[in-house]
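*Asks:* Counting in the working numbering, the sequence shown runs from 3 upward without gaps. Ideal Cβ placement from N, Cα and C applies to all residues, glycine included.
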Amino acid sequence: MLTTAPLTAQPDREQAQVHYADGWRLIMDAGRWTDAEAAFRSAMAADASWVLGRALVARITTDVDERESLLRWIEAHLSDAAPDERLLIDSYVLGLRAANARDRGASMPEGFAEERVALALANFRAYLEQHPTAPYISAELIEWIHHAEGPEAALAALMDEVHPAAAQVPFLQRYRAVLLSEVGRHDEALAQANAFEAAMTDPLAPSPHVLHAQLLYARGRLDEAKSRIETAIAMDAANMTAQGLQRAIDAALAER
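#1: Using a threshold of 9 angstroms, state whether the C-beta atoms of L73 and L98 are closer than that.
#2: Once you ignore the five residues that flank A32 on each side, which residues in its own chain have a CB closer than 6 angstroms to its CB?
#3: Look at the alpha carbon of E151 and the alpha carbon of M161, and state the distance between them as a whole number of angstroms.
#4: Rounding to the nearest angstrom, what Cα-Cα distance links R43 and H21 in this structure?
#5: When you compare the stretch 104-111 with the stretch 128-142, are there three or more beta-carbon pairs, one atom per stretch, that lie closer than 8 angstroms?
#6: Taking 9 angstroms as the threshold (C-beta atoms), are F173 and A195 in contact?
#7: Quick check: the stretch 209-220 against the stretch 229-236, are at least 3 beta-carbon pairs closer than 8 angstroms?
#8: Once the 5 residues before and after A240 are set aside, which same chain residues still bring their CB inside 6 angstroms of it?
#9: What's the gap between the Cα of F114 and the Cα of L96?
#10: My output table needs one value for M242: the three-state DSSP class, helix, strand or coil.
#11: Once the 5 residues before and after M3 are set aside, which same chain residues still bring their CB inside 6 angstroms of it?
#12: So the alpha helix (DSSP H) V171 belongs to, where does it begin and stop?
#13: Any idea what DSSP makes of R187, helix, strand or coil?
#14: In terms of alpha-carbon separation, which member of R223, R88, V212 lies closest to M237?
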């Protein structure tokens, strides 16, 4: 568990929101999971009463005991959340329950997965009706559409459901490359990935390496993919996207 400063006795919601926004940028755009966790913990320290802030710490921690404790607190304070934030929190709560069950070796009730997808799609869309330019909630919506309906539907949603201002966030530029690759538009995907890498000004960002590894893996260029993903892991071993891809690449190399 990553340590943080003690929770302040005087909540500072404005400062908490600054750390919260920084955490989203770090994890989604740059792929800096370790630094994103620190930012989310700083948000919780700045305002321990902010339910949404605690939810983001619960989502990123890998300590199941801590996650269960945070989830109990969140569920006990759901009525304290603002109505628009409650749309997000209710979806996150289902994800936290699923993560806890996974880590405890338990199974979820029949129909839970379908309920989770339906709630996420409905709630993120409802939130975006109120906050259409929220970039990272737009990104989460596209990820859920991809999960539920596939890459073609996600590409269409990028055009139809994401506000132009939100669509410029680096994560969605990167994610578009992944979706293009999945539908076989490899040249377009590579061009998008090269543009993303050129535009990334954060020298500590693993995300360009993760993206190129994803595209190389999709085309069966395993040795090149392995080199790229090892670079990403060396930059931030906590990046869970990189971890999962590294396992997939290693398994494919073992079978070659």
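*Replies:* Walking through what the data contain:
#1: yes
#2: D204, A207, S209
#3: 15 angstroms
#4: 8 angstroms
#5: no
#6: no
#7: yes
#8: W35, T36
#9: 9 angstroms
#10: helix
#11: In this prediction, M3 scores a pLDDT of 48, lower than 50, which makes its location untrustworthy; the coordinate-derived value is nonetheless stated afterwards. D65, E68.
#12: Premise fails: V171 is in no alpha helix (DSSP H) and is neither H nor E.
#13: coil
#14: V212
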